[in-house]
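Working notes, beginning with the structure itself.
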Amino acid sequence: MQFGVVFPQTEIGASPSGIKDYVQATEDLGYAHLLTYDHVLGADARQYPGWNGPYTHNDLFHEPFVLFGYLAALTHRLELVSGVVILGQRQTALVAKQAAEVDVLTGGRLRLGVGIGWNYVEYEALGANFHDRGRRSEEQITVLRALWTQDVVDFKGHWHRITHAGLNPLPVQRPIPIWLGGRAEAVLRRVGRLADGWFPQFAPDKAGEETLNRMRGYAREAGRDPATIGIEARINFAGGDPERWMREAEAWRKLGATHLSVNTMKAGLRSPDDHIEAIRQLKEVLGA
(Lines of atoms letter the chains of each structure in order from A and count residues from 1; the text may use other names and numbers.)
(Lines give C-alpha, C1' and ligand atoms only; values in the text may rest on other atoms or scores of the structure.)
Protein backbone atom coordinates (compact mmCIF):
# COMPACT_ATOMS: atom_id res chain seq x y z
CA MET A 1 0.00 0.00 0.00
CA GLN A 2 1.47 3.34 -1.11
CA PHE A 3 1.34 6.20 1.41
CA GLY A 4 0.76 9.84 0.56
CA VAL A 5 -0.55 13.07 2.05
CA VAL A 6 -3.58 15.23 1.44
CA PHE A 7 -2.32 18.73 0.64
CA PRO A 8 -3.79 20.86 3.48
CA GLN A 9 -5.58 22.93 0.88
CA THR A 10 -7.81 25.06 3.07
CA GLU A 11 -5.19 25.67 5.78
CA ILE A 12 -1.81 25.95 4.01
CA GLY A 13 -2.26 29.65 3.24
CA ALA A 14 -1.12 31.59 0.18
CA SER A 15 2.60 31.89 0.89
CA PRO A 16 4.68 30.25 -1.88
CA SER A 17 7.45 29.55 0.65
CA GLY A 18 5.04 27.80 3.01
CA ILE A 19 3.79 25.60 0.17
CA LYS A 20 7.36 24.86 -0.89
CA ASP A 21 8.42 23.89 2.63
CA TYR A 22 5.44 21.58 3.11
CA VAL A 23 5.71 19.81 -0.22
CA GLN A 24 9.46 19.32 -0.05
CA ALA A 25 9.11 18.01 3.51
CA THR A 26 6.51 15.55 2.22
CA GLU A 27 8.97 14.23 -0.35
CA ASP A 28 11.91 14.22 2.08
CA LEU A 29 9.89 12.19 4.60
CA GLY A 30 9.45 9.50 1.97
CA TYR A 31 5.80 9.87 1.13
CA ALA A 32 5.01 8.70 -2.40
CA HIS A 33 2.28 11.10 -3.46
CA LEU A 34 0.48 14.35 -2.71
CA LEU A 35 -3.26 14.64 -3.27
CA THR A 36 -4.93 18.01 -3.89
CA TYR A 37 -8.60 19.03 -3.80
CA ASP A 38 -10.25 21.38 -6.32
CA HIS A 39 -12.72 24.23 -6.32
CA VAL A 40 -12.68 27.22 -8.66
CA LEU A 41 -15.23 29.33 -6.77
CA GLY A 42 -16.82 29.26 -3.37
CA ALA A 43 -20.40 30.39 -2.82
CA ASP A 44 -21.43 33.00 -0.27
CA ALA A 45 -23.65 30.74 1.83
CA ARG A 46 -25.48 33.75 3.29
CA GLN A 47 -27.11 34.23 -0.11
CA TYR A 48 -28.23 30.61 -0.49
CA PRO A 49 -30.88 29.57 2.06
CA GLY A 50 -30.46 25.93 3.06
CA TRP A 51 -26.87 25.78 1.83
CA ASN A 52 -25.27 22.55 3.11
CA GLY A 53 -22.10 22.29 1.04
CA PRO A 54 -18.87 21.63 2.94
CA TYR A 55 -17.10 24.69 1.52
CA THR A 56 -17.90 28.37 0.96
CA HIS A 57 -16.11 31.46 -0.37
CA ASN A 58 -14.24 31.58 2.96
CA ASP A 59 -12.32 28.39 2.17
CA LEU A 60 -8.99 28.69 0.35
CA PHE A 61 -8.33 26.50 -2.70
CA HIS A 62 -5.22 26.58 -4.90
CA GLU A 63 -5.88 25.74 -8.56
CA PRO A 64 -4.50 22.21 -9.10
CA PHE A 65 -2.86 22.51 -12.53
CA VAL A 66 -1.13 25.80 -11.76
CA LEU A 67 -0.07 24.45 -8.37
CA PHE A 68 1.31 21.28 -9.97
CA GLY A 69 3.29 23.35 -12.47
CA TYR A 70 4.94 25.09 -9.50
CA LEU A 71 5.52 21.80 -7.68
CA ALA A 72 7.03 20.18 -10.77
CA ALA A 73 10.11 22.37 -10.29
CA LEU A 74 10.28 21.72 -6.53
CA THR A 75 10.02 17.93 -6.43
CA HIS A 76 11.80 14.95 -7.96
CA ARG A 77 9.91 11.80 -6.99
CA LEU A 78 6.53 12.84 -5.59
CA GLU A 79 3.49 11.78 -7.59
CA LEU A 80 1.04 14.68 -7.97
CA VAL A 81 -2.61 13.65 -7.68
CA SER A 82 -5.83 15.61 -8.13
CA GLY A 83 -8.49 14.32 -5.83
CA VAL A 84 -10.55 15.43 -7.69
CA VAL A 85 -10.61 17.99 -10.52
CA ILE A 86 -14.26 18.82 -11.24
CA LEU A 87 -14.21 17.68 -14.84
CA GLY A 88 -17.80 18.49 -15.78
CA GLN A 89 -17.34 22.24 -15.34
CA ARG A 90 -14.19 22.40 -17.46
CA GLN A 91 -13.50 22.26 -21.20
CA THR A 92 -12.25 18.76 -21.92
CA ALA A 93 -9.57 19.63 -24.46
CA LEU A 94 -8.16 22.29 -22.12
CA VAL A 95 -7.99 19.77 -19.24
CA ALA A 96 -6.20 17.37 -21.58
CA LYS A 97 -3.68 20.09 -22.48
CA GLN A 98 -3.07 21.17 -18.88
CA ALA A 99 -2.71 17.60 -17.64
CA ALA A 100 -0.33 16.70 -20.47
CA GLU A 101 1.82 19.73 -19.64
CA VAL A 102 2.03 18.78 -15.96
CA ASP A 103 2.90 15.22 -16.92
CA VAL A 104 5.70 16.47 -19.20
CA LEU A 105 7.10 18.87 -16.60
CA THR A 106 7.10 16.19 -13.89
CA GLY A 107 8.48 13.42 -16.07
CA GLY A 108 5.30 11.37 -15.85
CA ARG A 109 4.29 11.97 -12.23
CA LEU A 110 0.65 13.00 -12.66
CA ARG A 111 -2.37 10.96 -11.61
CA LEU A 112 -5.56 12.72 -12.66
CA GLY A 113 -8.48 12.24 -10.32
CA VAL A 114 -11.72 13.61 -11.77
CA GLY A 115 -15.29 13.95 -10.57
CA ILE A 116 -18.56 15.64 -11.36
CA GLY A 117 -18.84 17.77 -8.21
CA TRP A 118 -21.79 19.08 -6.22
CA ASN A 119 -21.46 22.88 -6.37
CA TYR A 120 -24.05 24.17 -8.83
CA VAL A 121 -22.93 27.76 -8.18
CA GLU A 122 -19.54 26.93 -9.68
CA TYR A 123 -21.10 25.31 -12.74
CA GLU A 124 -23.26 28.37 -13.36
CA ALA A 125 -20.30 30.74 -13.13
CA LEU A 126 -18.22 28.61 -15.49
CA GLY A 127 -21.02 28.33 -18.04
CA ALA A 128 -21.38 24.55 -17.75
CA ASN A 129 -24.48 22.35 -17.51
CA PHE A 130 -24.88 20.98 -13.98
CA HIS A 131 -27.63 18.51 -14.88
CA ASP A 132 -25.94 16.30 -17.49
CA ARG A 133 -22.52 16.27 -15.81
CA GLY A 134 -22.48 12.56 -14.98
CA ARG A 135 -23.32 11.28 -18.45
CA ARG A 136 -21.11 13.90 -20.06
CA SER A 137 -18.13 12.89 -17.91
CA GLU A 138 -17.99 9.47 -19.56
CA GLU A 139 -17.54 11.03 -22.98
CA GLN A 140 -15.01 13.43 -21.47
CA ILE A 141 -12.89 10.50 -20.26
CA THR A 142 -12.96 8.99 -23.76
CA VAL A 143 -11.86 12.31 -25.26
CA LEU A 144 -9.05 12.79 -22.71
CA ARG A 145 -7.58 9.37 -23.42
CA ALA A 146 -7.79 9.91 -27.17
CA LEU A 147 -6.00 13.26 -26.95
CA TRP A 148 -3.25 11.79 -24.74
CA THR A 149 -2.50 8.83 -26.99
CA GLN A 150 -3.04 9.99 -30.57
CA ASP A 151 -1.10 12.57 -32.56
CA VAL A 152 -4.28 13.61 -34.36
CA VAL A 153 -7.82 13.05 -33.09
CA ASP A 154 -11.00 13.01 -35.13
CA PHE A 155 -13.92 12.66 -32.73
CA LYS A 156 -17.62 13.33 -32.98
CA GLY A 157 -19.68 12.58 -29.90
CA HIS A 158 -22.81 13.91 -28.23
CA TRP A 159 -20.98 16.74 -26.47
CA HIS A 160 -17.61 16.94 -28.22
CA ARG A 161 -16.36 17.60 -31.73
CA ILE A 162 -12.65 17.46 -32.56
CA THR A 163 -11.82 17.63 -36.26
CA HIS A 164 -8.34 16.40 -37.13
CA ALA A 165 -6.46 18.08 -34.27
CA GLY A 166 -4.09 17.01 -31.52
CA LEU A 167 -1.98 17.98 -28.52
CA ASN A 168 1.71 18.79 -28.71
CA PRO A 169 3.51 17.88 -26.54
CA LEU A 170 1.82 14.62 -25.69
CA PRO A 171 2.20 13.46 -22.08
CA VAL A 172 4.88 11.06 -20.89
CA GLN A 173 2.18 8.63 -19.72
CA ARG A 174 -0.02 7.60 -22.61
CA PRO A 175 -2.61 7.72 -21.26
CA ILE A 176 -2.36 9.53 -17.93
CA PRO A 177 -4.13 7.43 -15.25
CA ILE A 178 -7.69 8.59 -14.59
CA TRP A 179 -9.16 7.95 -11.14
CA LEU A 180 -12.73 8.81 -10.14
CA GLY A 181 -14.20 10.33 -7.01
CA GLY A 182 -17.73 10.04 -5.64
CA ARG A 183 -19.84 7.31 -4.10
CA ALA A 184 -23.23 7.31 -5.85
CA GLU A 185 -24.23 4.03 -7.46
CA ALA A 186 -23.74 5.57 -10.91
CA VAL A 187 -20.16 6.38 -9.90
CA LEU A 188 -19.56 2.80 -8.76
CA ARG A 189 -20.69 1.57 -12.18
CA ARG A 190 -18.52 4.17 -13.91
CA VAL A 191 -15.47 3.16 -11.89
CA GLY A 192 -16.01 -0.48 -12.70
CA ARG A 193 -16.31 0.22 -16.44
CA LEU A 194 -13.91 3.08 -17.05
CA ALA A 195 -11.56 4.10 -14.26
CA ASP A 196 -7.97 3.25 -13.46
CA GLY A 197 -8.75 3.83 -9.79
CA TRP A 198 -11.20 5.17 -7.24
CA PHE A 199 -11.19 7.46 -4.19
CA PRO A 200 -13.83 5.89 -1.90
CA GLN A 201 -15.34 8.15 0.75
CA PHE A 202 -16.46 5.88 3.56
CA ALA A 203 -15.15 3.98 6.56
CA PRO A 204 -13.36 0.63 6.12
CA ASP A 205 -16.20 -1.23 7.80
CA LYS A 206 -18.69 -3.88 6.70
CA ALA A 207 -20.77 -1.38 4.73
CA GLY A 208 -17.62 -0.08 3.05
CA GLU A 209 -16.59 -3.61 2.12
CA GLU A 210 -20.01 -4.22 0.55
CA THR A 211 -19.69 -1.01 -1.47
CA LEU A 212 -16.26 -2.04 -2.73
CA ASN A 213 -17.62 -5.45 -3.67
CA ARG A 214 -20.41 -3.84 -5.71
CA MET A 215 -17.88 -1.78 -7.65
CA ARG A 216 -15.78 -4.88 -8.25
CA GLY A 217 -18.88 -6.69 -9.46
CA TYR A 218 -19.51 -3.94 -12.01
CA ALA A 219 -15.91 -4.30 -13.17
CA ARG A 220 -16.40 -8.02 -13.76
CA GLU A 221 -19.61 -7.30 -15.68
CA ALA A 222 -17.55 -5.00 -17.92
CA GLY A 223 -15.01 -7.76 -18.53
CA ARG A 224 -12.34 -6.18 -16.32
CA ASP A 225 -10.19 -7.61 -13.56
CA PRO A 226 -11.13 -5.67 -10.37
CA ALA A 227 -7.57 -6.12 -9.11
CA THR A 228 -6.38 -3.69 -11.80
CA ILE A 229 -8.48 -0.86 -10.33
CA GLY A 230 -6.59 1.13 -7.71
CA ILE A 231 -8.22 2.12 -4.42
CA GLU A 232 -7.06 5.18 -2.49
CA ALA A 233 -8.35 5.62 1.05
CA ARG A 234 -7.77 8.41 3.58
CA ILE A 235 -7.24 8.59 7.31
CA ASN A 236 -7.49 11.71 9.45
CA PHE A 237 -4.85 13.05 11.82
CA ALA A 238 -7.50 14.90 13.87
CA GLY A 239 -7.86 13.42 17.33
CA GLY A 240 -4.21 12.41 17.53
CA ASP A 241 -4.87 8.71 18.16
CA PRO A 242 -2.00 6.52 16.86
CA GLU A 243 -3.91 3.32 17.63
CA ARG A 244 -6.81 4.49 15.49
CA TRP A 245 -4.44 5.44 12.65
CA MET A 246 -2.93 1.96 12.72
CA ARG A 247 -6.30 0.25 13.00
CA GLU A 248 -7.79 2.15 10.05
CA ALA A 249 -4.70 1.66 7.89
CA GLU A 250 -4.76 -2.08 8.52
CA ALA A 251 -8.51 -2.24 7.82
CA TRP A 252 -7.98 -0.54 4.46
CA ARG A 253 -5.11 -2.86 3.67
CA LYS A 254 -7.37 -5.86 4.28
CA LEU A 255 -10.00 -4.37 1.96
CA GLY A 256 -7.43 -4.19 -0.83
CA ALA A 257 -6.53 -0.49 -0.82
CA THR A 258 -3.54 0.21 -3.01
CA HIS A 259 -2.96 3.77 -1.75
CA LEU A 260 -3.56 5.58 1.53
CA SER A 261 -3.41 9.35 2.10
CA VAL A 262 -3.17 11.03 5.48
CA ASN A 263 -5.24 14.18 6.02
CA THR A 264 -4.10 16.75 8.59
CA MET A 265 -6.83 19.34 8.03
CA LYS A 266 -9.49 20.13 10.66
CA ALA A 267 -7.10 19.20 13.46
CA GLY A 268 -6.50 22.71 14.79
CA LEU A 269 -3.12 23.09 13.07
CA ARG A 270 -2.20 26.68 12.35
CA SER A 271 0.84 26.75 10.08
CA PRO A 272 2.66 24.77 7.38
CA ASP A 273 5.19 23.77 10.05
CA ASP A 274 2.37 22.31 12.17
CA HIS A 275 1.19 20.25 9.21
CA ILE A 276 4.76 19.10 8.54
CA GLU A 277 5.08 17.92 12.14
CA ALA A 278 1.75 16.07 11.84
CA ILE A 279 2.77 14.15 8.72
CA ARG A 280 6.09 13.36 10.41
CA GLN A 281 4.19 11.82 13.35
CA LEU A 282 1.95 9.86 11.02
CA LYS A 283 4.98 8.60 9.11
CA GLU A 284 6.56 7.28 12.29
CA VAL A 285 3.40 5.53 13.44
CA LEU A 286 2.38 4.03 10.10
CA GLY A 287 5.85 3.21 8.86
CA ALA A 288 4.85 4.80 5.60
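In terms of my numbering, the sequence shown has 1437 at position 259, counting the first letter as 1, and numbering is strictly consecutive. Beta carbons are placed, not taken as given, at the ideal position from N, Cα and C, and that holds for glycine.
Asked: Per-residue burial, R1421 [other beta carbons within 10 Å of its own, 16 or more giving buried]; Found: It is worth fixing the name first, because residue 1421 is Glu in this sequence and not Arg. So E1421 ends up on the exposed side.
Asked: For V1184 and R1412, believed in contact at Cβ under 8 Å, the rounded distance; Found: 6 Å
Asked: Closest residue to Y1315 among E1241, S1449, G1293 (Cα-Cα distance); Found: The amino acid occupying residue 1315 in the given sequence is Ser; Tyr does not appear at that position. The option with the nearest alpha carbon to S1315 is G1293.
Asked: G1359 beta carbon less than 9 Å from that of L1380; Found: Checking the sequence shown, residue 1380 turns out to be Phe, not Leu. No, the pair does not count as a contact, with Cβ atoms beyond the cut-off.
Asked: Nearest-angstrom Cα separation, counted from Q1328 out to N1230; Found: 42 Å
Asked: Residue of T1204, P1194, Q1180 minimising C-alpha distance to E1455; Found: T1204
Asked: Span of the alpha helix (DSSP H), counted from its first residue to its last, around K1275; Found: 1270-1283
Asked: A1343 - DSSP class collapsed to helix/strand/coil; Found: strand
Asked: Every unbroken beta strand (DSSP E) inside the segment 1332-1384 [3 residues or more]; Found: 1339-1343, 1356-1359, 1375-1377
Asked: Cβ pair G1220, H1235 closer than 9 Å; Found: yes
Asked: Contact between the segment 1394-1401 and the segment 1418-1432 (3+ Cβ pairs under 8 Å); Found: no
Asked: Contacts around G1127, its chain only, beta-carbon distance under 7 Å, and the 5 residues preceding and following it disregarded; Found: Residue 1127 falls outside the range modelled here, since the chain spans only 1179 to 1466, and no answer is possible.
Asked: Closest Cα partner of Q1202 within the set V1463, N1307, R1458; Found: R1458
Asked: Run of the beta strand (DSSP E) containing A1411, from where it starts to where it stops; Found: 1408-1414
Asked: Cβ pair V1259, L1212 closer than 9 Å; Found: yes
Asked: Given L1366 as reference, the closest of F1415, I1407, R1392, E1410 once Cα atoms are compared; Found: R1392
Asked: Per DSSP, cross-strand counterpart(s) of V1184; Found: L1213
Asked: Assigned exposure category for Q1351 - 16 Cβ within 10 Å defines buried; Found: buried
Asked: Beta-carbon proximity list for N1414, same chain, < 7 Å, skipping 5 on both sides; Found: N1441
Asked: Inter-residue CB distance, D1216 and P1242 (contact presumed, cutoff 8 Å); Found: 5 Å
Asked: Close-in-space but distant-in-sequence residues of the same chain around D1199 (CB under 6 Å, 5 per side omitted); Found: P1450
Asked: Chain B contact for P1227 (CB, 9 Å cutoff); Found: Absent from the structure is chain B; it holds one protein chain and no more.
Asked: CB contact flag (A1271, V1218, <9 Å); Found: no
Asked: Distance CB(P1349)-CB(L1252) smaller than 9 Å; Found: no
Asked: Opening and closing residue of the beta strand (DSSP E) in which V1263 lies; Found: 1257-1264
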